[in-house]
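>
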Amino acid sequence: MPTPDTDSATAIDTPTDWWRARRDALLDLARTGTPRYVYSGATLREQARKLNATGVLDRLLYAVKANAHPGILDVFYREGLGFECVSPAEVERVLGLFPGLARDRVLFTPNFVPREEYEWAFGQGVRVTVDNLYPLEAWADTFRGQDIFVRLDPGQGRGHHDHVRTAGKHSKFGIDLGDLGRLADAVAASGARVTGLHAHVGSGVDDPEAWADTAETLVAATASFPDVRILDIGGGLPVPSASGEASFDLAHAAELLRGVRQRHPEFELWAEPGRYLVAESGVLLCRVTQTKEKAGVRYIGLDSGMNSLVRPAMYGARHPIVNLSRLDAPPAGPHEVVGMICESGDAFGHDVELPESHEGDVIAVGTVGAYGASMASRYNLREPARETLL
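Sequential numbering from 0 applies to the sequence shown in numbering that gives the first Met the number 0.
Encoded structure:
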């Protein structure tokens, strides 16, 4: 993630370090078994309320793919959030947990799925996003008489890694702005009605102007779709990747969006964050299995690996890592913190300053509430970390 250099960043209080106050409880949980994801319900609520308090969003949807733990979904349901889902299973989980949830508070945003998934979603009464011309042109009867959202590609992706940039010609997501004429023709021929325009440019976007820019791009596109009343500006708000690192300037981003609202009061503004809402709520507790020094490089091995947390290997993601058993011990130099999966890329962190660590110590990997458990696997036939919500 492009973030300020930690030496020059302003140290401020963030939810990232909630685990310090809960250290004893976390060590007790570790005694019942590791590896284990632990989530802070208070931090989840804090993040949701922080976004709602900006007053610039008419609706806040939680991106379920970030973490579909039922307890986490319940926290956000109680905070009044809707849900953005990318698969029928995600929709079913939300509707099953919250039978009283208004169906128009669920947005189904599939990508390259078969015709049957669109038909199923319309049958459920949830909102549906189309992000390709093909469904409208090839399966026009599926969309006849339906209100839909359309996902557009603003033309430039943003984010902390190529794999999370979700706009631009090399992204599989969204309809190119150059195809708006063809899109309008396809919508008219299908008999659908576009009531919402949607864009999402990436994850970990640290430019406060990005969301206002996206909103203005969508406003301009409404000239082709007179029934649009909703602009969904996506998610991608960044979170700190190290303790004490400066947080994203949410107030500035909100002020810019407030200007968009003032210029275009006829539209509702929606957003669908995932990582921003849940990342800082989670820590992964592991135990040290072995230590090693080879050619001057010091290794600390843990009792899990990329089967539980693949983000460092997949995205080069940085996560704060501490020895929870020796939190106040002085650092003993940089270490490679690695897992027990048979892959060279199986690492939690590189050049991590940690104290002398020993077999059985509890290591905590932070900011893992998003895209940790939700991307876990049974690679090497090893079970991923279990989950606990505090």
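The beta-carbon is built from N, C-alpha and C at its ideal position, and this holds for glycine as well.
Are the beta-carbon atoms belonging to Ala191 and Leu135 less than 8 angstroms from one another?
The residue given as residue 191 occupies position 192 in the sequence shown. The residue given as residue 135 occupies position 136 in the sequence shown. Cβ atoms of Ala191 and Leu135: closer than 8 angstroms.
> Taking contact to mean 3 or more Cβ pairs, one atom from each stretch, closer than 8 angstroms, check whether the region 211-220 and the region 115-123 are in contact.
no
> Would you call the region 320-334 in contact with the region 361-378, where contact means no fewer than 3 C-beta pairs closer than 8 angstroms?
yes
> Counting C-beta neighbours from all protein chains within 10 Å, is the total for Pro69 16 or more, i.e. buried, or is it exposed?
For the purposes of this step, residue 69 is taken as residue 70 along the sequence shown, with counting starting at 1. Answer is exposed; the Cβ neighbour count stays below 16.
> Go ahead and pull the three-state DSSP assignment for Met0.
Residue numbering aside, residue 0 sits at position 1 when the sequence shown is read from its first letter. Because Met0 sits at a pLDDT of 28, beneath the cut-off of 50, its placement in the model cannot be relied upon, and the following sentence gives the value as read from the coordinates. Met0 falls in the coil class under three-state DSSP.
> In the structure shown, what three-state DSSP assignment does His251 receive?
Along the sequence shown, read from residue 1 onward, the residue named residue 251 stands at position 252. Of the three classes helix, strand and coil, the one that applies to His251 here is helix, per DSSP.
> Identify whether Gly122 lies in helix, strand or coil by the three-state DSSP scheme.
The residue labelled residue 122 in the question sits at position 123 within the sequence shown. If DSSP states are grouped into helix, strand and coil, Gly122 belongs with the helices.
> Count the CB pairs spanning the region 328-340 and the region 349-362 that are closer than 8 angstroms, and state whether there are at least three.
yes
> Excluding sequence positions up to five away, which residues of its chain have a Cβ less than 6 angstroms from the Cβ of Arg381?
For the purposes of this step, residue 381 is identified with residue 382 of the sequence shown, where counting begins at 1. Answer for Arg381: Asn306, listed in chain order.
> Could you give the DSSP three-state label for Trp269: helix, strand or coil?
Taking the sequence shown and counting its residues from 1, the one referred to as residue 269 is at position 270. Trp269: strand per DSSP, three-state reduction.
> Could you tell me which residues DSSP pairs with His197 in its beta bridges?
Counting from one through the sequence shown, the residue named residue 197 turns up at place 198. Note: His197 sits in a beta bridge opposite Arg150, Asp231.
> Using C-beta distances below 8 angstroms, list every residue in its chain close to Ala312, excluding the 5 sequence neighbours before and after it, in chain order.
The residue you call residue 312 lines up with position 313 of the sequence shown. Cβ neighbours of Ala312 beyond the five flanking positions: Met305, Glu342, Gly344, Asp345, Ala346.
> Report yes if the C-beta distance between Leu132 and Arg58 is below 8 angstroms; otherwise report no.
Mapped onto the sequence shown, residue 132 falls at position 133. Mapped onto the sequence shown, residue 58 falls at position 59. Taking 8 angstroms as the Cβ cut-off, Leu132 and Arg58 do not qualify as a contacting pair.
> Under a three-way DSSP split, which group does Thr128 fall into?
In the sequence shown, residue 128 corresponds to position 129, counting from 1. Note: Thr128 maps to strand in three-state DSSP.
> For Val321, write down the residues that DSSP places opposite it in a beta bridge.
One-based indexing of the sequence shown puts residue 321 at position 322. Note: Val321 sits in a beta bridge opposite Ala363.
> By the 10 Å Cβ neighbour count, where 16 or more other Cβ atoms means buried, how is His197 classified, buried or exposed?
In the sequence shown, residue 197 corresponds to position 198, counting from 1. Classification for His197: buried.
> Give me, in chain order, the residues of the same chain whose beta-carbon lies closer than 7 angstroms to that of Val193; leave out the 5 immediate sequence neighbours on both sides.
Taking the sequence shown and counting its residues from 1, one reaches residue 193 at position 194. Ile147, Val149, Val186, Phe224, Asp226, Val227, listed in sequence order.
> Is the CB-CB distance between Arg310 and Gly348 below 8 angstroms?
Walking along the sequence shown from the start, residue 310 turns up at place 311. Walking along the sequence shown from the start, residue 348 turns up at place 349. Their beta carbons are not under 8 angstroms apart, which means Arg310 does not touch Gly348 by this criterion.
> Mark Gly295 as exposed unless 16 or more other C-beta atoms lie within 10 angstroms of its C-beta, in which case mark it buried.
In the sequence shown, residue 295 corresponds to position 296, counting from 1. Exposed: under 16 other Cβ atoms inside 10 Å.
> With a threshold of 8 angstroms on Cβ separation, who are the neighbours of Arg377 within its own chain once the five nearest residues in sequence on each side are excluded?
In the sequence shown, the residue the question calls residue 377 occupies position 378. Correct list, in chain order: Asn306, Pro383.
> Might you give, ordered along the chain, the residues of its own chain that have their beta carbon closer than 7 angstroms to the beta carbon of Arg260, omitting 5 neighbours on each side?
On the sequence shown, residue 260 is found 261 positions in, with the first residue counted as 1. Closer than 7 angstroms at the Cβ level, and outside the excluded window around Arg260, lie Val55, Leu268.
> Leu316 to Leu43, Cα distance in whole Å?
In the sequence shown, the residue the question calls residue 316 occupies position 317. In the sequence shown, the residue the question calls residue 43 occupies position 44. With the sequence shown as reference, residue 316 is identified as Ala, and Leu is not the correct amino acid for it. Going by the C-alpha atoms only, they are around 21 angstroms apart.
> Just to confirm, is the Cβ distance from Val63 to Phe82 under 8 angstroms?
Your numbering for residue 63 matches position 64 in the sequence shown. Your numbering for residue 82 matches position 83 in the sequence shown. Result yes, Cβ atoms of Val63 and Phe82 sit closer than 8 angstroms.
> Exposed or buried, His334, counting other C-beta atoms within 10 Å across all chains shown (16 or more means buried)?
Counted from its first residue, the sequence shown places residue 334 at position 335. It is buried - the Cβ of His334 has at least 16 other Cβ atoms within 10 Å.
> In this structure, how does DSSP classify Gly258 when only helix, strand and coil are distinguished?
The residue you call residue 258 lines up with position 259 of the sequence shown. Helix at Gly258.
> Kindly list the residues whose CB is nearer than 8 angstroms to the CB of Lys171, restricted to its own chain and excluding five residues on each side of it in sequence; keep chain order.
The sequence position of residue 171 within the sequence shown is 172, counting from 1. Around Lys171: Asn110, Phe111.
> By DSSP's criteria, Asp350 is part of a beta bridge. Which residues make up the other side?
By 1-based counting over the sequence shown, the position of residue 350 is 351. Answer by DSSP bridge pairing: none, since Asp350 is not bridged.
> Using the beta-carbon count (16 or more within 10 Å), is Glu358 buried or exposed?
In the sequence shown, the residue the question calls residue 358 occupies position 359. Classification of Glu358: exposed, given that the 10 Å Cβ count is below 16.
> Do Asp206 and Gly173 come within 8 angstroms of each other at the CB atom, strictly closer than that value?
Taking the first residue of the sequence shown as 1, we reach residue 173 at position 174. Taking the first residue of the sequence shown as 1, we reach residue 206 at position 207. Cβ distance not < 8 angstroms, so Gly173 and Asp206 don't count as in contact.
> With DSSP as the reference, identify every bridge partner of Val336, one or two as the case may be.
The residue labelled residue 336 in the question sits at position 337 within the sequence shown. Looking at the DSSP assignment, Val336 forms a beta bridge with Ile299, Gly348.
> Cys285 bridges to which residues according to DSSP?
To locate residue 285, count along the sequence shown from 1; it is residue 286. DSSP output for Cys285 lists Ile362 as bridge partner(s).
> Quick one: what's Leu60 bridged to in DSSP?
Numbered from its first residue, the sequence shown carries residue 60 at position 61. Bridge partners of Leu60: Gly81.
> Confirm, please, whether the CB-CB distance from Arg143 to Ser189 is below 8 angstroms.
Taking the first residue of the sequence shown as position 1, residue 189 is located at position 190. Taking the first residue of the sequence shown as position 1, residue 143 is located at position 144. It is a contact, given that the beta carbons lie within the stated cut-off.
> Let me know the secondary structure DSSP gives Tyr38 once reduced to three states.
Counted from its first residue, the sequence shown places residue 38 at position 39. The answer is strand: DSSP assigns Tyr38 an E or B state.
> Could you check the C-alpha separation between Leu236 and Val282 for me, to the nearest Å?
Along the sequence shown, read from residue 1 onward, the residue named residue 236 stands at position 237. Along the sequence shown, read from residue 1 onward, the residue named residue 282 stands at position 283. One C-alpha to the other measures close to 19 angstroms.
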